[in-house]
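Last residue of the sequence shown: number 282 in this note's numbering, and the count goes up by one each step with no gaps.
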Amino acid sequence: MDQKLNLLVLRCRDIEASRVFYEHFGIVFEREQHGSGPVHYAAVFEGMVFELYPLKEGEPADRSRLGFAVNLETDLRESLEDAGIAIISQYEIEQEPVFVVEDPDGRKVEVRQSEPSGSGWYEGDWTRSRSVLLILAAIAGSLSFLNYQSGPMNGGPVLDVYFFYFALLVSFLFWPVMVVAVVGFQTINPYSDPVWTRPTHSCNPFRLKNPLCIAHFLMCFVMAQGAGALVTAILGGWLQLLMGIGMIIGGLEGLWALELVMKRFPEKMALQDNVEMAGNAPPE
-1 MDQKLNLLVL
9 RCRDIEASRV
19 FYEHFGIVFE
29 REQHGSGPVH
39 YAAVFEGMVF
49 ELYPLKEGEP
59 ADRSRLGFAV
69 NLETDLRESL
79 EDAGIAIISQ
89 YEIEQEPVFV
99 VEDPDGRKVE
109 VRQSEPSGSG
119 WYEGDWTRSR
129 SVLLILAAIA
139 GSLSFLNYQS
149 GPMNGGPVLD
159 VYFFYFALLV
169 SFLFWPVMVV
179 AVVGFQTINP
189 YSDPVWTRPT
199 HSCNPFRLKN
209 PLCIAHFLMC
219 FVMAQGAGAL
229 VTAILGGWLQ
239 LLMGIGMIIG
249 GLEGLWALEL
259 VMKRFPEKMA
269 LQDNVEMAGN
279 APPE
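So this is what it looks like as structure tokens:
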């Protein structure tokens, strides 16, 4: 038997203020009164009745926590800010932001876009795709150095030796360049989200809205190539060994630089609520 919640009643100090608040999420209420009962507002969506009733005299407001998936024509954050609704905190579900606000009675209300603008193949969990790309990077890294054979340091082409030494030096001094590049791109990129999101292995590494995620993937890509070069070094020689170690060190320094950027600009990062997923909020 199918089960669903078909009725939700909120007791409100001021049903007019509550109606205006919830109508910002696209909910359309009808004014109702059953017999001699109190005047209230009711809305029906997805087969559920949502009602706003006035508080009875001396009755305290409840501390319920609600969550809504809304489909607005404008950006959700901009819509909340334009309505003067303060965002208390924010977290993410499947790389999409969930904003936590308060209704006029102090209840926590979580809102997210039900159909995010621009949703498509690039949304969702990219863990598997990123893993495939990193495996291909490791294979490419191992194949790219097969032409360098083992030999003494003074036995190879001079330009090749100088190139590898220069690349190794750059890898050790890579982190300050990474900090400047990430902060600069995050600042000048017109598509960058004003709220920075901590990169994860499930985020899309090709979306310009999150340069931190792009940089994170690039560092992992470089380290994967370095790991491939190390494997080739078993059959090759010291040049591959140095290059592989240098690329891995450079990638690790790049990730460390990302952490420095996020710690240096904490006000830019998305606020983390005390819940991981919608519906898992602890009772208050």
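Idealized CB from N, CA, C, for every residue including glycine.
In terms of Cβ geometry, PHE219 and ALA135 form a close pair [threshold 8 Å]. Selection GLY35, PHE48 and LEU8 evaluated against PHE27 yields PHE48 as nearest (Cα-Cα). Between the beta-carbon of VAL259 and that of VAL177 there is about 6 Å, and that keeps the pair under the 8 Å contact cut. In this structure, DSSP gives ALA67 an extended state, which the three-state scheme calls strand. From the listed residues ASP73, SER34 and THR125, the smallest Cα separation to PRO203 is found for THR125. In the DSSP assignment, SER87 falls within the beta strand (DSSP E) that extends over 87 to 91. Below 8 Å, too few C-beta pairs join the region 194 to 210 and the region 222 to 229 to call them touching: fewer than three. Distance from the CA of TYR39 to the CA of ILE212, rounded to the nearest whole angstrom, comes to 47 Å. Taking a C-beta distance under 8 Å as the contact criterion, ALA225 and ILE246 qualify as a contact pair. Residue pairing from DSSP places ALA40 in a beta bridge opposite GLU28 and GLU49.
Distances from the CA of VAL109 to each of LEU167, GLN184, ALA84 and ILE186 were compared; the closest alpha carbon is that of ALA84.
By the neighbour-count criterion, in which 16 or more other beta carbons inside 10 Å mark a residue as buried, GLY249 falls on the buried side. Rounded to whole angstroms, LEU131 and SER77 show a C-alpha spacing of 37 Å. Cα atoms of VAL193 and MET267: separation of roughly 6 Å, rounded to the nearest angstrom. By the criterion of at least three beta-carbon pairs nearer than 8 Å, the region 48 to 61 is in contact with the region 4 to 20. Residue state for CYS211 is assigned as helix, using DSSP reduced to three classes. Check the Cα spacing between ALA41 and each of GLY35, GLY24 and VAL96: the tightest is with GLY24.
Approximately 6 Å separates the beta-carbon atoms of ARG105 and LEU64; this is inside 8 Å, confirming the contact. Close CB contacts of ASN4 within its chain, under the 8 Å cut and outside five residues either way in sequence, are with GLY45, MET46 and VAL47 (chain order).
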